[in-house]
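Peer 1:
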Amino acid sequence: METVKEKKKSTDSKKAIKISGAEAIIHCLLAEGVDTMYGYPGGAIMPVYDELYKFQDKLTHILTRHEQGATHAAQGYARVSGRVGVAIATSGPGATNLVTGLADAQIDSTPMVCITGQVTRQLLGTDAFQETDIIGISTPVTKWNYQITEASEIPEVMAKAFYIAKSGRPGPVLIDITKNAQIDKFDFSYKKCTGVRSYKPVPKPEMSAIQAAADLINSAKKPFIVWGQGVILGQAEKELKELVEKANIPAAWTIMGASALDTAHPLNVGMVGMHGNYGPNLMTNECDLLLAIGMRFDDRVTGRLEDYAKQAKVIHFEIDPAEVNKNVHADVAVLGNSKDTLGLILPLINENKHEAWHNIFKEKYKIEYDTIIKNDIHPTKDGLTMGEVIEEINLASNNKAVIVSDVGQHQMIACRYAKFSQSKSNITSGGLGTMGFALPAAIGAKMGAMDREVVAIIGDGGFQMTIQELGVIFQHKVPVKIVVLNNEHLGMVRQWQELFFEKRYASTVMVNPDFVKIAEGYSIEAKRISERKDLKSTIQEMMASKEPYFLEVKVEQEDNVFPMIPSGASVSEVRLK
Amino acid sequence: MENKWFTISVYSENNVGLLNRISGIFLKRHINIESLNVSKSEIDDVSKFTIVAHTTEKWVHNIVGQIEKQIEVIKAYYHTDDETIYQESALFKIASGLLFDERQIQNIIKDNNAQIVTVSRDFFVIAKSGRRNEIDDMHDQLKPYGIMQFVRSGRISVTKDEMKISAILKEF
């Protein structure tokens, strides 16, 4: 650090002013364009909170009711806005409570900066009150982390933190700041970070790879695109659409890629993976060319790797070299930002038609519609289904809502049936599968996109994991719509117990409190419905409301999510029942 | 895919916590680090980790990819034994009396091309550099006479091919 620090001194043009480390942190946040942050105070971070008090007209701090809520809110904010989410906590338990959110942001490539207080420099290693080695603990779940022990390190390290969090493949950064560094005064001046020796965020695209990929695309008879969040993070939605249309290629998405291309687009054939659509899963093992764009071949996408797309040539468009050949061999790897690489390949692509190939997807969709989708969204049985609730939200929001889902059956249903007409509209915990994500993430999503309607879809299990964040919605009147799909079970685990553990329902029956009363305790308008006749009007009422709104829908208790690729099975073995 | 010996060379900044970050990548994959050495490298202000692991090429490829992704890592490589020149170093502490009473000890030192580092009233110390099996051989030869202390370093190695770190640094 020393050498860079010295260099910085000499290149800074701004005049230095003497301020405390805590005040410097606020100036760094403001310089990075931060307007909202989420956190929870405590002993070791109090000097920073004291400055937040003074700067409250410039920087909004939202007091979440648990530090985990702060991370998920920061994630929701980041995912919907494309900006860096910021969370702040004290040392010890405050810091360890951030770990789930850090791990979630790491696996889902979400730009986030977390700031933790730490005991004073002299007390490090003495097992002081609320001392914990958060650098050691957070190392495997951060893109970068650093412990500041001197006030003078703050500007350079904070600049580096924001640069690293948002550049290349984004991710979470944790900065741990000892109390003495917050209190001590130093000559402050700030300069944004534009590069770090030893860190190359975006590999330079190679024209030979682009050409090789174009040749494969132009000669393919049955090409198939699977795109992921890399399209959204790379802001390549337009380029993806142009490629899909010009080469006339059926395109499917991973859960993290949802909403990058309109659901209604005729070439959008649906979701891949464990509960993805029938056609896309089956056709993965029928296509002659698989174009993987900004996705990482998660096991929930590939099923059994030994039988995944073995017949196809694979082109992998990817920003992170470590993802290439990690799980699936790439015949051609096109490294770079998806916007750049797709932009470069477009002029080399011939216009094409693959009608017979498209018809197979249509046939498979018909089979899936008749056996599953019809019953999910237009059920004839008495009990309400999760699918029809999502469909009503689509209708009432004109497909324009941001859907924030938690984890489990309702998440799969929400991702399968939510219709999107705008990118960055599907906010969910994809890689880590963090129950409790949705409620705080929806708060962050709403604050990151105040002009958009944000609907949280949550199960009765996950809702109770971060239910305390209703307090934030109450205090700040955050106008999010909260829909709890209550099946009185941990539905996804129950489904697995039914299918693979001979219906031994170990600890999956939920004995729930009166959710409506709880919401009302927070002065949130709340309703419970259990009959179909009330569904449409209540959802319309909810969507029309300008206030926070809580809706509990009692749904069928023992419904299952299909199609399903059982764990360890091949994508070809996707089950319709 | 069969397990083989791989030497992983990591060029990096010299920062607190980087060792933890690198070792965590092995831990997450339940792969043991067989030996580890950290030193300066041929380039000023650039550190070099030399890590030996016994695993498959698939996993060493994965690990090197993850190591290289760390912010403070400049470049990481992996090599098989026949692509590198490598050595380890060992120290043997032996009771001084043996040096004079057991003539064979002097022969062992000579035959193994080892050096006496220091001699004191109570003990003397022998240094030996070489391949693992050469050091193990010498250990076996000395063992019957009694070894007071023994230590062997991690592997250090240079590759037959160029690493071109200076050129890589210029690109950043």
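Residue numbers (the working numbering), protein chains in the order written: chain A, 1 to 577; chain B, 1 to 172.
Built from N, CA and C at the ideal position, the CB exists for glycine as well.
Here the structure is a predicted model, which means the values were calculated and not measured.
1. Examine the Cβ distances between the stretch 43-50 of chain A and the stretch 89-99 of chain A and report whether three or more of them are shorter than 8 angstroms.
2. Name the DSSP beta bridge partners of A:Tyr-146, please?
3. Please confirm if B:Lys-48 has its CB atom under 8 angstroms from at least one CB of chain A.
4. According to DSSP, is A:Arg-575 helix, strand or coil?
5. Starting from the C-beta of B:Ile-25, find all residues in its chain whose C-beta is less than 7 angstroms away, skip the five residues before and the five after it, and write them out in chain order.
6. Given that B:Phe-172 touches chain A, what residues does it touch there, using C-beta distances under 9 angstroms?
7. In the DSSP assignment, the beta strand (DSSP E) including B:Ile-147 goes from what residue to what residue?
8. Which residues of the stretch 123-139 of chain A have a Cβ closer than 8 angstroms to any Cβ of chain B? Give them in chain order.
9. Between the alpha carbons of A:Ala-212 and A:Leu-243, how many angstroms are there, rounded?
10. Taking 8 angstroms as the cut-off, does the stretch 476-492 of chain A touch the stretch 445-460 of chain A (at least 3 CB pairs, one atom from each stretch)?
11. Return the CA-CA distance between B:Ile-109 and B:Gln-149, expressed in angstroms with no decimal places.
12. Which residues mark the beginning and the end of the beta strand (DSSP E) in which A:Asp-187 is found?
13. First and last residue of the beta strand (DSSP E) that includes B:Asn-20?
14. Count the other CB atoms, across all protein chains shown, that sit within 10 Å of the CB of A:Ile-17; report buried if there are 16 or more and exposed otherwise.
15. Taking only the alpha-carbon atoms, compute the straight-line gap between A:Lys-7 and A:Phe-188 and give it to the nearest angstrom.
16. Which residues does DSSP pair with B:Gln-87 in a beta bridge?
17. Identify the contact partners of B:Arg-29 in chain A, using a Cβ-Cβ distance below 8 angstroms as the criterion.
18. From the DSSP output, read off the bridge partner residues of A:His-316.
19. Need the endpoints of the alpha helix (DSSP H) that A:Val-80 sits in, please.
20. Can you name the residues of chain A whose CB is closer than 7 angstroms to the CB of B:Ser-120?
21. How would you label A:Tyr-53, buried or exposed, when you count the other beta carbons within 10 angstroms and need 16 or more for buried?
22. Is A:Lys-166 close to chain B? Criterion is C-beta to C-beta, closer than 8 angstroms.
23. Where does A:Met-271 sit, in a helix, a strand or coil, going by DSSP?
24. Contact check, A:Ile-293 vs A:Ile-225 under 8 angstroms by CB: the rounded distance?
25. When you compare the stretch 270-279 of chain A with the stretch 292-310 of chain A, are there three or more beta-carbon pairs, one atom per stretch, that lie closer than 8 angstroms?
26. Are A:Val-472 and A:Arg-65 closer than 8 angstroms when you measure CB to CB?
27. Does the beta carbon of A:Ala-418 come closer than 8 angstroms to any beta carbon on chain B?
28. Give, in chain order, every unbroken run of the alpha helix (DSSP H) that is at least 4 residues long and sits entirely within the stretch 319-379 of chain A.
29. Could you tell me which chain A residues have their CB closer than 9 angstroms to the CB of B:Leu-169, listed as they occur along the chain?
30. Compute the Euclidean distance between the alpha carbons of A:Glu-388 and A:Ile-377, then round it to the nearest angstrom.
31. Please report the Cβ distance between A:Ile-115 and A:Ile-177, rounded to the nearest whole angstrom; I am assuming they are in contact, meaning their Cβ atoms lie under 8 angstroms.
32. Apart from the five residues on each side of it in sequence, which residues of its chain come closer than 6 angstroms, Cβ to Cβ, to A:Tyr-49?
33. Using the Cα positions of A:Ser-572 and A:Ile-565, report the straight-line distance between them to the nearest angstrom.
34. Can you list, in chain order, the stretches of the alpha helix (DSSP H) that have 4 or more residues and sit fully within the stretch 502-567 of chain A?
35. Going along the chain, which residues of the stretch 284-297 of chain A sit with their C-beta nearer than 7 angstroms to a C-beta in chain B?
36. What does A:Trp-144 touch in chain B if you count any residue whose Cβ is under 7 angstroms from its own?
Peer 2: Reading it off the structure:
1. yes
2. A:Ile-175
3. no
4. strand
5. Ile-63, Gln-66 and Ile-67
6. Gly-195, Val-196, Arg-197, Ser-198, Tyr-199 and Lys-200
7. That residue, B:Ile-147, is in no beta strand (DSSP E); it is neither H nor E in DSSP.
8. Ile-135, Gly-136 and Thr-139
9. 16 angstroms
10. yes
11. 16 angstroms
12. 185-188
13. Unbroken run through B:Asn-20 is the alpha helix (DSSP H), 18-28; no beta strand (DSSP E).
14. exposed
15. Only weak support exists for where A:Lys-7 lies, its pLDDT of 43 falling under 50; the value from the coordinates is given anyway. Each residue's Cα considered, the two are about 15 angstroms apart.
16. B:Ile-156
17. Within chain A, no residue comes near B:Arg-29; the closest Cβ sits about 11 angstroms away, beyond 8 angstroms.
18. A:Ala-292 and A:Ala-333
19. 67-81
20. Ordered by position in chain A, no residue passes the 7 angstroms Cβ test against B:Ser-120, which lies about 36 angstroms from the chain.
21. exposed
22. no
23. strand
24. 6 angstroms
25. yes
26. yes
27. no
28. 338-345, 355-368 and 374-377
29. Arg-197 and Ser-198
30. 4 angstroms
31. 7 angstroms
32. Pro-41
33. 8 angstroms
34. 515-521 and 532-544
35. none
36. Ile-71
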